[in-house]
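One structure is given here, and the rest of the page talks about it.
Numbering (full-length UniProt numbering), first residue to last: 1 to 166.
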């Protein structure tokens, strides 16, 4: 047997695969399945987040199953890349890289113009979006139950409790 090898090479998702057999052995075919996990993007609280005007919007994007951290993560608001040094101010991002990468987008003093679709767009995974609703004290239909908003029911309960105590 000689030390020579016949190699077949393939490049799959930037991973080089070499399969070789010594030349002195009969040619054979090896069939195998290669399963590659794609990085996965998640935004906590998706698909909708309801927040009061003046509060801080805190969006958390997690990139899982990635062989390496993304080179960058862009955040978009209504399809426009968010500028952290815009005149709006109060916008910051903190990214922690490791086995999973987490990116936090913070928007202070939320106003109605901050409502809309926010997208976490990592360099090595599919983007993920969340819709943020900045409220002016109103309660959206999604937070209502049985035709009554939750807040009036709570006020009724507190009123009854106060009447019982006095």
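From the three backbone atoms N, C-alpha and C, an ideal C-beta is built for every residue, glycine too.
6 angstroms Cβ shell around residue i - same chain, five flanking residues per side excluded
i, result
"residue 87", "none"
"residue 44", "60"
"residue 69", "97, 101"
"residue 52", "135"
"residue 39", "63, 65, 66, 124, 125"
"residue 58", "106"
"residue 90", "108, 109"
Start and end residues, beta strand (DSSP E) containing residue i
i, result
"residue 55", "Counting along the chain, residue 55 falls outside any beta strand (DSSP E), and DSSP gives it neither H nor E."
"residue 73", "73-77"
"residue 42", "40-43"
"residue 102", "101-107"
"residue 117", "116-122"
"residue 138", "Neither: residue 138 is in no beta strand (DSSP E) and is coded neither H nor E."
"residue 169", "Given a span of 1 to 166 for the chain in the structure shown, any question on residue 169 remains unanswerable."
Other residues of its chain near residue i: CB distance less than 7 angstroms, five sequence neighbours each side excluded
i, result
"residue 54", "109, 110"
"residue 74", "81, 121"
"residue 47", "130, 131"
"residue 103", "61, 73, 93, 95, 120"
"residue 138", "none"
Under 7 angstroms between C-beta atoms of residue i and residue j
i, j, result
"residue 209", "residue 106", "It is not possible to answer for residue 209, since the shown part of the chain is limited to 1 through 166."
"residue 113", "residue 62", "no"
"residue 37", "residue 65", "yes"
"residue 119", "residue 76", "yes"
"residue 79", "residue 116", "no"
Sequence-distant residues of the same chain with beta carbon closer than 8 angstroms to residue i, five excluded per side
i, result
"residue 71", "123, 124"
"residue 56", "106, 107, 108, 109, 110"
"residue 128", "41, 42, 43, 46, 61, 119, 120"
"residue 85", "none"
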